[in-house]
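Visitor: What follows is a structure written as structure tokens; I'll ask about it next.
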Amino acid sequence: MLRLHWVALSATPCTCDVAELPEPVTQYRSRLRHTTMITVMGVMNNEELYRLHAIELTRYATGLVGPFDAADVVTDACIKAFESRNWHEVSNRRAYLYKTVLSVANDHHRRSMARRLREMKTATPESMPAPDIDVDVLEAVNRLSVQQRAAVYLTYWEDLTPQHVAERMGVSVGSVKRHLARARKRLGELLT
Amino acid sequence: MSEEMDRKMRELMGRMVDMTPEAPPFPEEMVTLVPARHRPAPRPALVFAGAALLVLAIALPLFLLGGGTGVDPAVTTVPVPVPTTTVPDTGTTAVPELQVTMPVVVYLTQDPENSLRGNPALVPVATLGSAPEGQPASLAALRALLDPALTPPPGLDDTIPDEVAVLGVTEDGDTITVDMNQAFLAGAGSGFLGDVTMLNQLIYTATQGNPEVGVVFTVEGQAPGPYGSEGILLDTAFTRDYYRDEEINSVIVTTPVGPESTEISGVARVFEATVSLEIRDAAGEVVGSQFTMVTCGSGCWGEFTFQLDPALLEPGGQVRVFWNSPEDGDPSDVVTVPIPESEDGLWDLSP
Chain A
8 MLRLHWVALS
18 ATPCTCDVAE
28 LPEPVTQYRS
38 RLRHTTMITV
48 MGVMNNEELY
58 RLHAIELTRY
68 ATGLVGPFDA
78 ADVVTDACIK
88 AFESRNWHEV
98 SNRRAYLYKT
108 VLSVANDHHR
118 RSMARRLREM
128 KTATPESMPA
138 PDIDVDVLEA
148 VNRLSVQQRA
158 AVYLTYWEDL
168 TPQHVAERMG
178 VSVGSVKRHL
188 ARARKRLGEL
198 LT
Chain B
872 MSEEMDRKMR
882 ELMGRMVDMT
892 PEAPPFPEEM
902 VTLVPARHRP
912 APRPALVFAG
922 AALLVLAIAL
932 PLFLLGGGTG
942 VDPAVTTVPV
952 PVPTTTVPDT
962 GTTAVPELQV
972 TMPVVVYLTQ
982 DPENSLRGNP
992 ALVPVATLGS
1002 APEGQPASLA
1012 ALRALLDPAL
1022 TPPPGLDDTI
1032 PDEVAVLGVT
1042 EDGDTITVDM
1052 NQAFLAGAGS
1062 GFLGDVTMLN
1072 QLIYTATQGN
1082 PEVGVVFTVE
1092 GQAPGPYGSE
1102 GILLDTAFTR
1112 DYYRDEEINS
1122 VIVTTPVGPE
1132 STEISGVARV
1142 FEATVSLEIR
1152 DAAGEVVGSQ
1162 FTMVTCGSGC
1172 WGEFTFQLDP
1182 ALLEPGGQVR
1192 VFWNSPEDGD
1202 PSDVVTVPIP
1212 ESEDGLWDLS
1222 P
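What follows is the structure, given as structure tokens:
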């Protein structure tokens, strides 16, 4: 069992919303009925936190940079977050990790996804991509900027509202709507 | 139609997610809960207590054994409760300073595309900085630039090591005195050009309010020793043009760009005094271009200003400023200024 503890808002300021917490915490929600805010700051170490979120972050990174580089992006993002001076003051670490994955993916994709696709197109039969790689999907997603991919992933895969997508990405709701509109436009011809 | 499109978008993401690889293992370098360079200093009292315990624990057995005969201190293993370095210092007696947060410009670096001389470019980026009430805005800007957690926007870089910090700034007419910590003297750690680029980042950032003034560096309040890998003497007031002719890109942009920007300006030393500008959207497609004259011809530095149409500035897009090669007309020494997501044009430079 994860070593999770909580402190009532009255004892510790700067906390995170229960709704944003991962399931292992929220399963104790009934014990939190007297407070809507708790904190897990400083009680879950980095490794526990990583194990808790690694799968969802890898899935998110796959939506942003494709399957080849998703693991690298997650690793780089986590190292970057854990080394950040502000890390110990972050109230919602899951959201922070999501933002860091997006930031790292932003740097990463320029050189990567298009190059991977080029490599696939020129691949010899021996070096053909693995059968579980869906080239058509990658080509479609490659038409989008990383920000647009993030908005599409969070909207259509995680079913988040524009408000929550905006919070997860660290941008305004207006930006999210613009990203989605542009993504739909870019993919429109392909998908209709 | 919209529902059908939504369904297809959902399906597309589903197929994308189906390709998700296994999550990477927890890397060894992540094991440290508190990174060494950000670890708070141990409290003196705890250090003293720990040291006293250590001495006592080693000395007592030696004393009891008659002066330590037969005991090798090197292999003595005593379970001493060493104080942890993660104990927070509550410092309850300190009166917190009132910090004022304000928009500032920090200068980051970039390897310009098609660079003829291979010199780095400076790229201005707007963000938020903070300084104690009554302190100059340049202190807030330098603090923002030197924040170890600073994460440059896509395509930009930072030459300044995390350990470098600004201790204070005083502005006095023609000069700005910037007091740095000792780590500053080591330079960027990547040779002469890196050291000079680091100085340029500091000089341009410190003089954003008054580009004509010079910057005097001190280290912990004293005249600094030799700086960087080649021992540069910091015995003068460094203006923006001090290291401009040989160590920096021939196009220097001095205004950051946001989605609502109407102008971008800078200085350049380019062929036939002509600079060009290109606006690209978030997908990298050119949506606008123009050119203008620099106020001074070939071989000298002149100023330029472009008027921008905000309708063309898409968040996630870029504004590229360059000059055209006389040989083939190709864009040269291209400075690429990224456009932030935020409508106020400010970058969040945290990770």
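Heads up: the protein sequence lines correspond to chains A and B, in order.
Counting along the first sequence from 1, when you hit position 54 you're at 61 in this note's numbering, and nothing is skipped either side.
Counting along the second sequence from 1, when you hit position 52 you're at 923 in this note's numbering, and nothing is skipped either side.
We put the CB at the ideal spot given by N, CA and C, even for glycine.
Computed from a prediction, not measured in an experiment: that's the story for all the values here.
#1: Might you give, ordered along the chain, the residues of its own chain that have their beta carbon closer than 8 Å to the beta carbon of Gln155 (chain A), omitting 5 neighbours on each side?
#2: Report, in whole angstroms, the separation of the C-beta atoms of Ser1132 (chain B) and Thr1176 (chain B), which I expect to be a contact under 8 Å.
#3: So, at 6 Å on beta carbons, what are the nonlocal neighbours of Pro1023 (chain B) in its own chain, with the 5 sequence-adjacent residues on each side left out?
#4: What residue ranges within the stretch 1054 to 1105 of chain B form continuous alpha helix (DSSP H) runs of no fewer than 4 residues, ordered along the chain?
#5: Identify the contact partners of Val148 (chain A) in chain B, using a Cβ-Cβ distance below 8 Å as the criterion.
#6: What does Thr891 (chain B) reach in chain A if we use C-beta pairs closer than 7 Å?
#7: Taking just the CA atoms, how far does Gln1053 (chain B) sit from Val180 (chain A)?
#8: Residues of the stretch 1139 to 1158 of chain B in Cβ contact with chain A at a cutoff of 8 Å, in chain order, please.
#9: Going along chain B, which residues have a C-beta under 7 Å from Asn113 (chain A)?
#10: Within 9 Å of any Cβ in chain A, is that where the Cβ of Thr1055 (chain B) sits?
#11: For the alpha helix (DSSP H) holding Gln154 (chain A), just list the boundary residues, first then last.
#12: Output yes or no for whether 9 Å exceeds the beta carbon distance between Ile1103 (chain B) and Asp1050 (chain B).
#13: What is the DSSP secondary structure of Lys184 (chain A), counted as helix, strand or coil?
#14: Assuming Met973 (chain B) contacts Ala1011 (chain B) under a Cβ cut-off of 8 Å, what Cβ separation, rounded to an integer in Å, is found between them?
#15: I'd like the list of long-range same chain contacts for Met876 (chain B), defined as Cβ closer than 6 Å, with 5 residues on each side in sequence excluded.
#16: Under three-state DSSP, which class holds Phe89 (chain A)?
#17: In chain A, what lies closer than 9 Å to Gly1173 (chain B) by C-beta?
#18: Does DSSP put Asn149 (chain A) in a helix, in a strand, or in coil?
#19: With distances taken Cα to Cα, identify the nearest neighbour of Gly1006 (chain B) among B:Val1040, B:Glu1034, B:Arg886 and B:Gly1099.
#20: Show which residues of chain D have a CB atom less than 7 Å away from the CB atom of Gly1000 (chain B).
#21: Going by other Cβ atoms of all chains shown within 10 Å of its Cβ, with 16 needed for buried, is Asn990 (chain B) buried or exposed?
#22: Which word fits Gly70 (chain A), buried or exposed, when buried means at least 16 other C-beta atoms lie within 10 angstroms of its C-beta?
#23: Around the C-beta of Gly1060 (chain B), are 16 or more other C-beta atoms found within 10 angstroms, so that it is buried, or is it exposed?
#24: Mapping the DSSP letters down to three states, classify Val80 (chain A) as helix, strand or coil.
#25: Any beta carbon from chain B within less than 9 Å of Asn93 (chain A)'s own beta carbon?
#26: For Leu109 (chain A), go through chain B and note every residue whose CB falls closer than 9 Å to its CB, in chain order.
#27: Please name the residue, chosen from A:Gln170, A:Asp143, A:Asp114 and A:Leu56, that lies closest to Met884 (chain B) on a Cα-to-Cα basis.
#28: Quick check: the stretch 104 to 114 of chain A against the stretch 55 to 67 of chain A, are there 3 or more CB pairs under 8 Å?
#29: In the structure shown, what three-state DSSP assignment does Thr1193 (chain B) receive?
#30: Please classify Glu174 (chain A) as buried or exposed, where buried requires at least 16 neighbouring CB atoms within 10 angstroms.
#31: Under a three-way DSSP split, which group does Gly70 (chain A) fall into?
#32: Please confirm whether Lys184 (chain A) has its beta-carbon closer than 9 Å to some beta-carbon of chain B.
#33: What first and last residue would you give for the alpha helix (DSSP H) that runs through Gln170 (chain A)?
#34: Gly1168 (chain B) to Phe1109 (chain B), Cα distance in whole Å?
#35: So that I know if they touch, is there some Cβ in chain B lying closer than 9 Å to that of Val47 (chain A)?
#36: Report the three-state DSSP secondary structure of Pro995 (chain B) (helix, strand or coil).
Guide: Judging by the given coordinates:
#1: Taking the first residue of the first sequence as position 1, residue 155 (chain A) is located at position 148. Non-local beta-carbon contacts of Gln155 (chain A) in its own chain, meaning distances under 8 Å to residues more than five positions away in sequence, involve His186, Leu187, Arg189, Ala190 and Arg193 in chain order.
#2: As a working note, residue 1132 (chain B) is residue 261 in the second sequence. As a working note, residue 1176 (chain B) is residue 305 in the second sequence. Rounded, the Cβ-Cβ distance is 12 Å, inconsistent with contact.
#3: Translated into the one-based positions of the second sequence, residue 1023 (chain B) becomes position 152. Counting only Cβ-Cβ distances below 6 Å, and skipping sequence neighbours, we find Leu979 and Asp1029.
#4: 1063 to 1077
#5: Here residue 148 (chain A) is taken as the residue at index 141 of the first sequence, counted from 1. What Val148 (chain A) touches in chain B: Leu883 and Met887.
#6: Position 20 of the second sequence holds residue 891 (chain B). Within chain A, the residues near Thr891 (chain B) are Thr65, Arg66, Thr69, Pro74 and Ala77.
#7: For this step, residue 180 (chain A) is matched to residue 173 along the first sequence. For this step, residue 1053 (chain B) is matched to residue 182 along the second sequence. Taking the straight line from one Cα to the other gives about 44 Å.
#8: Against chain A - using a Cβ distance shorter than 8 Å - the residues of the stretch 1139 to 1158 of chain B are Ala1153 and Ala1154.
#9: The residue given as residue 113 (chain A) occupies position 106 in the first sequence. Residues of chain B passing the Cβ test: Pro1025.
#10: As a working note, residue 1055 (chain B) is residue 184 in the second sequence. Note that residue 1055 (chain B) is Phe in the sequence shown here, rather than Thr. Cβ-Cβ to chain A under 9 Å: no for Phe1055 (chain B).
#11: For the purposes of this step, residue 154 (chain A) is taken as residue 147 along the first sequence, with counting starting at 1. Note, Gln154 (chain A): alpha helix (DSSP H), Val153 to Val159.
#12: Taking the second sequence and counting its residues from 1, the one referred to as residue 1103 (chain B) is at position 232. Taking the second sequence and counting its residues from 1, the one referred to as residue 1050 (chain B) is at position 179. Cβ atoms of Ile1103 (chain B) and Asp1050 (chain B): not closer than 9 Å.
#13: Against the first sequence, residue 184 (chain A) aligns to sequence position 177. Lys184 (chain A) falls in the helix class under three-state DSSP.
#14: Residue numbering aside, residue 973 (chain B) sits at position 102 when the second sequence is read from its first letter. Residue numbering aside, residue 1011 (chain B) sits at position 140 when the second sequence is read from its first letter. So it is a contact: roughly 6 Å between Cβ atoms.
#15: Sequence index remark: in the second sequence, residue 876 (chain B) carries index 5 (1-based). Nothing listed; no residue qualifies.
#16: By 1-based counting over the first sequence, the position of residue 89 (chain A) is 82. Phe89 (chain A): helix per DSSP, three-state reduction.
#17: Numbered from 1 along the second sequence, position 302 holds the residue referred to as residue 1173 (chain B). Result: empty, since nearest Cβ-Cβ is about 32 Å, beyond 9 Å.
#18: Against the first sequence, residue 149 (chain A) aligns to sequence position 142. Note: Asn149 (chain A) maps to coil in three-state DSSP.
#19: Sequence index remark: in the second sequence, residue 1006 (chain B) carries index 135 (1-based). Sequence check: residue 1006 (chain B) is Gln here, not Gly. Gln1006 (chain B) has its Cα closest to that of B:Val1040, out of B:Val1040, B:Glu1034, B:Arg886 and B:Gly1099.
#20: Given the protein chain composition of this structure (A and B), no chain D is represented.
#21: Sequence index remark: in the second sequence, residue 990 (chain B) carries index 119 (1-based). It is buried - the Cβ of Asn990 (chain B) has at least 16 other Cβ atoms within 10 Å.
#22: Looking up residue 70 (chain A) in the first sequence gives position 63. With 16 or more other Cβ atoms within 10 Å, it is buried.
#23: As a first step, residue 1060 (chain B) must be located in the second sequence, where it is residue number 189. Exposed, by the Cβ-count rule.
#24: Counting from one through the first sequence, the residue named residue 80 (chain A) turns up at place 73. Three-state DSSP puts Val80 (chain A) in a helix.
#25: Position 86 of the first sequence holds residue 93 (chain A). True, the Cβ-Cβ gap to chain B drops below 9 Å.
#26: On the first sequence, position 102 is the one that residue 109 (chain A) refers to. Going along chain B, no residue has its Cβ under 9 Å from Leu109 (chain A), so there is no contact; the nearest lies around 10 Å.
#27: Along the second sequence, one-based indexing puts residue 884 (chain B) at 13. Selected option, being the one with the closest Cα: A:Asp143.
#28: yes
#29: Along the second sequence, one-based indexing puts residue 1193 (chain B) at 322. A small correction: the amino acid at residue 1193 (chain B) is Phe; Thr does not occupy that position in the sequence shown. In the structure shown, Phe1193 (chain B) sits in a strand (DSSP, three-state: E or B).
#30: In the first sequence, counting from the first residue as 1, residue 174 (chain A) sits at position 167. Classification for Glu174 (chain A): buried.
#31: As a working mapping, residue 70 (chain A) is identified with position 63 in the first sequence. Gly70 (chain A) falls in the helix class under three-state DSSP.
#32: By 1-based counting over the first sequence, the position of residue 184 (chain A) is 177. No, Lys184 (chain A) lies away from the interface with chain B (no Cβ there is under 9 Å from its Cβ).
#33: To locate residue 170 (chain A), count along the first sequence from 1; it is residue 163. Per DSSP, Gln170 (chain A) belongs to the alpha helix (DSSP H) from Pro169 to Met176.
#34: Position 297 of the second sequence, counted from the first residue, corresponds to residue 1168 (chain B). Position 238 of the second sequence, counted from the first residue, corresponds to residue 1109 (chain B). Their Cα atoms are separated by approximately 25 Å.
#35: Mapped onto the first sequence, residue 47 (chain A) falls at position 40. Summary for Val47 (chain A): the model assigns pLDDT 40, below 50, so the residue's position carries little reliability, and this model does not support an answer.
#36: Within the second sequence, numbered from 1, the residue matching residue 995 (chain B) stands at position 124. Residue state, collapsed to three classes: strand.
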